[in-house]
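2 protein chains.
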Amino acid sequence: MLENIRIVLVNTTHPGNIGAVARAMKNMGLSDLCLVAPKLFPHEEAVARASGATDILEAAHQVDCLEQAIADCDLVVGTSARGRHIPWPLLSPRELGGVATSLQPGKRLAVVFGREDRGLTNEELHLCHHHVHIPTNPEFSSLNVAAAVQVIAYELRVALVEQVTTQPPQWGAQWDIDLANSDELERMFAHWEKTLVATEFLDPENPRQLMARLRRLFLRALPDKVEVNVMRGFLRTVDEKLAASQSAQSKGGQADV
Amino acid sequence: MLENIRIVLVNTTHPGNIGAVARAMKNMGLSDLCLVAPKLFPHEEAVARASGATDILEAAHQVDCLEQAIADCDLVVGTSARGRHIPWPLLSPRELGGVATSLQPGKRLAVVFGREDRGLTNEELHLCHHHVHIPTNPEFSSLNVAAAVQVIAYELRVALVEQVTTQPPQWGAQWDIDLANSDELERMFAHWEKTLVATEFLDPENPRQLMARLRRLFLRALPDKVEVNVMRGFLRTVDEKLAASQSAQSKGGQADV
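Chains as they are written, first to last, in full-length UniProt numbering: chain A, 1 to 257; chain B, 1 to 257.
This is the structure:
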């Protein structure tokens with residue numbers, strides 16, 4: 001199961017941290033590392049701090065944006081401090097372990113870690129199904145990124161490998177249909193946005209939190225592939241009706257002249 | 001309770017590790033650090049890696065041997081790889097958390113961490129009541145000392161401070177908006193059905209499982225009241241566009257006659 005877990009680091013500044021993350025991952029039996037636009041990589045400091053986990057560094061993928069890093073993942077969890085603008089389904093690291101045990105075989109889990117100085121942006125957090133918060137001293141809450149990876153990877157190892165009891169499985173464990181992956185979900189959200197704008201329900205000049213609310217609603221349901229197809233089929237029907245309406249209105253307008 | 005926990009580092013070689021330990025301790029709410037014959041301390045690298053936890057470094061005690069570090073402690077736990085010569089009572093980090101919660105008030109717990117390259121000696125381990133082993137990949141089992149402190153301190157914080165439930169996270173438990181009640185959900189589903197029929201996406205003669213799929217998707221997300229209102233607002237917009245389209249088409253039709 002551990003081989004289906006990807007650690008994603010977004011815009012890491014210090015290469016030493018990347019090395020320390022590789023070491024923590026290998027210590028816990030993880031191997032899939034994806035770097036989103038790291039500042040300095042490869043770098044000798046990364047190798048030094050990896051302390052022998054150079055195979056993880058050498059196999060690491062580099063991509064330009066978070067969307068690419070998670071496109072083939074089925075469940076995406078972003079690390080977050082508390083108190084974001086819109087609350088999102090929040091897990092503890094231990095609950096994340098429980099969720100990982102309930103994934104269908106072969107499903108890929110991504111856990112996303114942000115920049116050293118300011119974590120993940122709201123936009124990046126909204127790409128995630130769940131957020132995970134590592135409990136900390138509220139007066140000194142900023143964990144080193146490798147320390148955060150260490151805690152999460154430890155909980156995942158304990159949940160998936162060690163014989164420790166965890167929570168009962170949640171949604172998706174014994175499901176009849178494959179869960180939709182991130183790419184399919186993103187295309188559904190893009191379709192939603194297009195149709196919402198076309199119906200004038202969403203004003204691009206003043207979008208407020210509408211798409212964030214929709215994302216949160218659907219992501220926490222972990223939609224399966226058929227459900228995504230149903231949703232997109234409905235949106236397509238609305239698109240066609242709107243197109244027919246506009247063409248009829250323009251005809252009607254001409255007739256009035 | 002956390003103030004009665006001492007972290008003891010034996011013969012640490014790299015001052016950067018001492019700084020990283022101080023940071024991990026302060027992140028988790030620990031403050032009592034004792035250094036047994038560190039190689040280089042104080043040191044600027046320790047300050048740099050402490051990342052603001054300099055109060056822990058400044059208050060750290062330095063002693064010459066482990067016996068001095070633990071003399072006033074009531075329970076001593078040494079970190080250990082498996083497979084020592086003489087088996088010793090062995091805890092997992094989680095079990096250590098349980099032990100910590102069962103200590104009488106005011107009793108002092110020391111957790112002892114060894115050298116970067118070879119851990120604690122057998123003599124040092126025999127000064128300990130229990131050993132604690134952090135589960136690792138057996139093929140790459142040597143944790144960085146600050147990573148080991150991070151895991152132990154995390155488990156101690158979770159056991160002593162955080163209200164950890166064994167239940168899976170309950171969506172909406174601490175939510176900003178009231179969850180929608182059954183009546184509101186039923187009216188949303190009725191609206192969905194009406195609009196789906198109006199758009200001809202749902203054929204009342206052959207409804208298949210469409211409404212069941214929609215119900216299941218939304219119900220398991222436990223929508224809140226605003227999310228239900230957003231959904232109904234969108235459906236209402238679609239209704240209005242359809243009505244306008246039909247009226248325009250019928251006007252268009254009359255003009256053609």
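The beta carbon of each residue, even a glycine, is placed where N, CA and C say it ideally should be.
Residues near residue i in its chain [Cβ-Cβ closer than 6 Å; skip 5 each side]
i        : result
B/Ala50  : Gly19, Ala22, Arg23 and Leu57
B/Ile152 : Pro93 and Val111
B/Gln62  : Leu35
B/Ala255 : Note that B/Ala255 has pLDDT 46, beneath the 50 cutoff, so the model's placement of it is unreliable and no number is given.
A/Ala53  : Ala22, Arg23 and Lys26
B/His129 : Leu75 and Val76
A/Leu196 : Leu202
A/Asn4   : Arg108
B/Gln167 : Confidence is the limiting factor: at B/Gln167 the pLDDT is only 48, short of 50, which leaves the residue's position unreliable, though a coordinate-based value still follows. Within the same chain, B/Gln167 has no close Cβ partners at all.
B/Gln150 : Ala24
Cβ-based neighbour list, residue i, same chain, cut-off 8 Å, excluding 5 preceding and 5 following
i        : result
A/Ser247 : none
B/Glu193 : Leu202 and Met211
B/Leu125 : Gly78, Ser80, Arg84, Trp88 and His131
B/Asn229 : none
B/Gly97  : Glu155, Leu156, Val158, Ala159 and Leu160
Residue nearest to residue i in terms of C-alpha spacing, selected from the options
i        : options                                   : result
B/Thr79  : B/Leu143, B/Asp64, B/Leu242 and B/Leu219  : B/Leu143
B/Trp88  : B/Leu96, B/Leu33 and B/His131             : B/His131
A/Leu242 : B/Ala198, B/Asp224 and B/Leu210           : B/Ala198
B/Arg213 : A/Ala190, A/Ile177 and A/Pro207           : A/Ile177
A/Pro138 : B/Leu90, B/Met28 and B/Gly16              : B/Met28
B/Ser31  : B/Ile70, B/Glu45, B/Met1 and B/Asn11      : B/Met1
B/Glu162 : A/Leu179, A/Ala147, A/Val161 and A/Thr136 : A/Thr136
A/Glu200 : B/Asn206, B/Gln209 and B/Asp239           : B/Asp239
B/Glu44  : B/Pro207, B/Pro15 and B/Gln68             : B/Pro15
A/Arg6   : A/Leu235, A/Thr12, A/Thr13 and A/Met25    : A/Met25
B/Asn17  : A/Ala146, A/Asp72 and A/Glu205            : A/Ala146
A/Ala59  : A/Arg216, A/Val47 and A/Cys65             : A/Val47
A/Ala81  : A/Ile70, A/Lys107, A/Ser245 and A/Thr121  : A/Thr121
B/Glu123 : B/Glu227, B/Leu91 and B/Glu67             : B/Glu67
B/Ala148 : B/Ala180, B/Leu160 and B/Phe113           : B/Phe113
A/Val10  : A/Ile70, A/Glu3 and A/Lys107              : A/Ile70
B/Thr12  : B/Asp55, B/Glu3, B/Asp64 and B/Phe218     : B/Asp64
A/Gly106 : A/Asp72, A/Phe218 and A/Pro42             : A/Asp72
B/Val8   : B/Gly97, B/Ala100, B/Arg115 and B/Gly98   : B/Arg115
A/Leu160 : A/Asp55, A/Ala100, A/Gln104 and A/Arg118  : A/Ala100
A/Leu90  : A/Ile134, A/Asn206 and A/Leu40            : A/Ile134
A/Asp117 : A/Gln249, A/Phe41 and A/Ser141            : A/Ser141
A/Arg208 : A/Ile86, A/Leu40, A/Ser245 and A/Asp55    : A/Ile86
Those residues which DSSP pairs with residue i across a bridge
i        : result
A/Arg115 : A/Gly119
A/Arg6   : A/Asp32 and A/Ala110
A/His130 : A/Val77
A/Val226 : None; A/Val226 has no bridge partner.
A/His43  : Note: A/His43 sits in no beta bridge, so no partner.
B/Leu160 : Its beta-bridge partners do not exist; DSSP assigns none.
A/Leu179 : A/Asp224
A/Leu91  : A/Val132
A/Val63  : A/Val36
Same chain only: Cβ atoms within 7 Å of residue i, ignoring 5 sequence neighbours per side
i        : result
A/Thr237 : none
A/Arg232 : Met188 and His191
A/Thr165 : With a pLDDT of 44 at A/Thr165, under the threshold of 50, the modelled position of this residue cannot be trusted; read the value that follows with caution. Closer than 7 Å at Cβ, skipping near neighbours: no residue.
A/Arg215 : His126 and Phe189
A/Lys251 : none
A/Val226 : Ile177
A/Pro204 : Val197
Residue-level contact to chain C via CB, residue i, 8 Å cutoff
i      : result
B/Glu3 : Protein chains A and B are contained in the structure displayed, whereas chain C is not.
So, does the stretch 177–186 of chain B touch the stretch 184–198 of chain A, judging by three or more C-beta pairs under 8 Å? A contact is defined here as three or more CB-CB pairs under 8 Å, and the stretch 177–186 of chain B fails this definition with respect to the stretch 184–198 of chain A.
Decide if the stretch 34–46 of chain B is in contact with the stretch 154–163 of chain A; the criterion is three or more beta carbon pairs, one per stretch, under 8 Å apart. no
Tell me which residues of the stretch 9–31 of chain B have at least one Cβ-Cβ distance to chain A shorter than 8 Å, keeping chain order. Ala20, Arg23, Ala24, Lys26, Asn27, Met28 and Gly29
Beta carbons nearer than 7 Å to chain A: which residues of the stretch 237–252 of chain B have them? Thr237, Val238, Lys241, Leu242, Ala244, Ser245, Ala248, Gln249, Lys251 and Gly252
Residues in the stretch 45–64 of chain A with C-beta within 9 Å of chain B's C-beta atoms, listed in sequence order? Arg49, Ser51, Gly52 and Ala53
Name, going along the chain, the residues of the stretch 136–158 of chain B whose beta-carbon falls closer than 8 Å to a beta-carbon of chain A. Thr136, Asn137, Phe140, Ser141, Ser142, Leu143, Asn144, Ala146, Ala147, Gln150, Val151, Tyr154, Arg157 and Val158
For the stretch 93–114 of chain B, list every residue whose C-beta sits within 7 Å of some C-beta in chain A, in sequence order. Arg94
If the cut-off is 8 Å on Cβ atoms, which residues from the stretch 185–204 of chain A count as contacting chain B, listed in chain order? Answer in chain order: Leu196, Thr199, Glu200 and Phe201.
Members of the stretch 117–134 of chain A near chain B, C-beta cut-off 9 Å: Along the stretch 117–134 of chain A, the positions whose C-beta sits under 9 Å from a C-beta of chain B are His130 and Ile134, read in chain order.
Using Cβ-Cβ distances below 9 Å, what residues of the stretch 222–235 of chain B are close to chain A? Leu222, Pro223, Asp224, Val226, Glu227, Val230, Met231, Gly233 and Phe234
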